[in-house]
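Number of protein chains: 2
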Amino acid sequence: MKLIRIVAAGVVLALGAAAQAQTDPLPSWNDGPAKQAILAFVKDTTTQGSANFVPPAERIVTFDQDGTLWVEHPMYSQVMYCLEHVPDVVAKKPELKNVEPFKTVLSGDREAIAKLTMPDLMKILAATLTGMPVEAFQAEVKKWIAEAKDPRWKRPYTDLTYQPMKEVLEYLRANGFKTYIVTGGGQDFVRVYADGVYGIPSEQVVGTAGGTKYGYGKDGKPFLTKEPKLLLNDNDAGKPEGIHLMIGRRPVAAFGNSTGDQQMLEYTKAGDGARLAMLVLHDDAKREYAYGPAQGLPATKVGTFTQALYDEAKKDGWVVISIKDDWKRIFAFE
Amino acid sequence: MKLIRIVAAGVVLALGAAAQAQTDPLPSWNDGPAKQAILAFVKDTTTQGSANFVPPAERIVTFDQDGTLWVEHPMYSQVMYCLEHVPDVVAKKPELKNVEPFKTVLSGDREAIAKLTMPDLMKILAATLTGMPVEAFQAEVKKWIAEAKDPRWKRPYTDLTYQPMKEVLEYLRANGFKTYIVTGGGQDFVRVYADGVYGIPSEQVVGTAGGTKYGYGKDGKPFLTKEPKLLLNDNDAGKPEGIHLMIGRRPVAAFGNSTGDQQMLEYTKAGDGARLAMLVLHDDAKREYAYGPAQGLPATKVGTFTQALYDEAKKDGWVVISIKDDWKRIFAFE
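Residue numbers (our numbering), protein chains in the order written: chain A, 1 to 334; chain B, 335 to 668.
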């Protein structure tokens, strides 16, 4: 009985594999150097007998999130979350009402909000992301991510994930790669939806992380409180440092889109054997956004793609993904 | 061709599964409450339709290492590593020769070394575990772990892993659980041998962790240097905090042996549904060691098993594993 069932499963698997071989694993990509680089890398590292064969345990691939897996303009979604939660914070601590930067946020003056400095933003992040039990925070993010909408597309932020990149995630996993998010965004924030949206479990999300504090509730039950104590700033050099802390292996492939990903891409590319480093260039103002001086486009506060980064990519053999040229379709809803 | 191979694989799998069903998954355990608790927990959480069924993604189990997966007496292996590497450090920095605590370690006076204070030990740890590239440290630990021998058994430390616990690790993994080490020991240290010895990949080792610093070598290649900066003290409350940081989920089962594991066991047990918390009691002076006041045995500097811990275990429904009564065989070489 059991034997028959397993043999039947084997047949189904075999038929599935045959069908798979005839299907394009990256249908949202135009045929071009970026798509070819991904296909060639996977073939080279997973074919038994290839000089660049990578054992399954070492097939670690890391992806930046904002601007690489989903839209980061006009503002990081997590910053939107924080700004929208300032009224909740002030409701609990009314003394903050007339204190900056909370006063500016409460004013709703978009221009003034856009001009907030980094130290101001840090105060807002600390106030809205810490001081509560881990589970309470997770529940709040879950609710927000289901309800909040992007101002341009009027859709949930999770709809604004890039379909071509989701295909890359699935294609890599189907070939035995372990896919990680390595984001400058909050680790606890991204973990809430990463599994549902990207198929990436919480233990494979590395992000900017704060400490927690173990304590006991009135019922004697233990719980963790989110503390305003930075453990890992997962940007720039913090990305390879975070990868070492959380994974302990050097990735064989990495995907990013800004100077915040530079060190992760360098670190990945510097390993032995076949390595893939890819950089998403936002050059499609019509279908998404265009930014970055490499294309003669204006630099922005987020997702900085500088000329120096572009030059390093070319020199070091990273593959630049042009959204305009390489992506046939950007979003699943299109 | 491919089809035939996959069907054949299905048959082999089916025959293997049939054989497995008739085999005791925990042959080194005596039949008793501890063994029964493990078997019952796995059945309860993995049987479809069970009220306590746990989806595979949530099957997270954490294991302390020292005293839970391998021998911790007379001294943690990692402390042995550090003491034995003091001469290397002094060779590079001769000015330390007459500075305490290095002077005492170099004297070889065992009694004096045993009396070193915690701040002294910290100085030795910092000097021997940091200040070098990550890869250099990994190579050094790999070499040491292959050559160093335990003073009592005259065998590599990795031979002194507990066979009954290795069976538990394999049994849990065969039932879809993800097994993690959550150790007070150094994360980078344990990761070197965890895969070979326990079948646990580096990304599933959580331990006391220091920061690293990203930089470039003379050849322009990037590398990480181990820094004397503590990021996570993975003991006591640091264990659930480390679990949240590195895994982001509450374990459904946890294994420990000392007060350093108390909070991890509490945190695990406080979750909903079926939970398993187990505590190894070292009560077998003949075959291993006996320590802990719960058995009227002398307390020791390492692996503290207090009366309060024993009382909490009884009150909170943790299962105490008696090495004397529950383990038929302790080591694979016996």
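Don't be surprised by glycine CBs; every beta carbon is placed ideally from N, CA and C. Note that this is a predicted model, so its numbers are computed, not measured.
Check: Any 3 or more C-beta pairs closer than 8 angstroms across the region 480 to 489 of chain B and the region 364 to 372 of chain B; Outcome: no
Check: Whole alpha helix (DSSP H) elements within the region 354 to 438 of chain B, 4-residue minimum; Outcome: 367 to 380, 411 to 418 and 420 to 426
Check: Own chain residues within Cβ distance below 7 angstroms of B:Asp-659, not counting five before or after; Outcome: Asn-364 and Gly-366
Check: CB contact check: B:Gln-412 to chain A, cutoff 8 angstroms; Outcome: no
Check: Where B:Arg-663 sits in the DSSP three-state scheme; Outcome: coil
Check: Chain D within 8 angstroms of A:Pro-222, Cβ atoms only; Outcome: In the displayed structure, chain D is absent; the protein chains listed are A and B.
Check: 7 angstroms CB neighbourhood of B:Phe-375 in its chain, flanking five on each side removed; Outcome: Ala-587, Ala-608 and Leu-610
Check: Reduced DSSP secondary structure (H/G/I, E/B, other) of B:Ser-536; Outcome: helix
Check: Chain B residues whose Cβ lies nearer than 7 angstroms to that of A:Arg-191; Outcome: Gly-582
Check: Neighbour-count burial assignment, A:Asn-53, 16 or more Cβ in a 10 Å radius; Outcome: Just to set this straight, residue 53 of chain A is Phe in the shown sequence, not Asn. It counts as exposed.
Check: Cutoff 8 angstroms: B:Val-468 Cβ touching any chain A Cβ; Outcome: yes
Check: Nearest neighbour of B:Val-405, chosen from B:Gln-597, B:Lys-649 and B:Asn-591 [CA to CA]; Outcome: B:Asn-591
Check: Cβ contact check for the region 549 to 559 of chain B and the region 423 to 438 of chain B: 3 or more pairs under 8 angstroms; Outcome: no
Check: Rounded straight-line distance, which links the Cα of B:Pro-585 to that of B:Pro-359; Outcome: 22 angstroms
Check: The region 391 to 407 of chain B / the region 512 to 525 of chain B touching (three or more Cβ pairs under 8 angstroms); Outcome: yes
Check: Sequence ranges, beta strand (DSSP E) only - wholly within the region 181 to 234 of chain A, length at least 3; Outcome: 205 to 216 and 222 to 232
Check: Within-8 angstroms CB hit, B:Leu-463 to chain A; Outcome: no
Check: For A:Val-320, the residue or residues it bridges with in DSSP; Outcome: A:Leu-279
Check: CB contact check: B:Glu-537 to chain A, cutoff 8 angstroms; Outcome: yes
Check: C-beta neighbour in chain B for A:Lys-315, strict 8 angstroms; Outcome: no
Check: Coil, strand or helix - A:Gly-108 by DSSP; Outcome: coil
Check: Spatially closest choice to B:Glu-537 from A:Pro-74, A:Ile-323 and A:Gly-242, by CA coordinates; Outcome: A:Gly-242
Check: Contacting positions in the region 597 to 616 of chain B - beta carbon closer than 8 angstroms to chain A; Outcome: Gln-597, Glu-600, Tyr-601 and Ala-604
Check: A:Phe-255: first and last residue of the uninterrupted beta strand (DSSP E) it sits in; Outcome: 253 to 256
Check: Nonlocal neighbours in the same chain, by C-beta distance under 7 angstroms from B:Lys-573, ignoring five residues either side; Outcome: Val-516, Asp-595, Gln-597 and Met-598
Check: Local Cβ density within 10 Å of A:Glu-266, reported as buried at 16 or more and exposed below that; Outcome: buried
Check: Any 3 or more C-beta pairs closer than 8 angstroms across the region 458 to 465 of chain B and the region 407 to 424 of chain B; Outcome: yes
Check: From B:Thr-546, B:Leu-503, B:Leu-558 and B:Gly-519, residue whose alpha carbon lies closest to that of B:Gly-533; Outcome: B:Leu-503
Check: Interface flag, A:Leu-245 vs chain B, CB-CB below 8 angstroms; Outcome: yes
Check: Neighbour flag for B:Pro-574 against chain A, beta carbons, 8 angstroms; Outcome: yes
Check: Reduced DSSP secondary structure (H/G/I, E/B, other) of A:Val-12; Outcome: Caution applies to A:Val-12, whose pLDDT of 48 falls short of 50 and renders its modelled position unreliable; the value that the coordinates give is listed next. Of the three classes helix, strand and coil, the one that applies to A:Val-12 here is helix, per DSSP.
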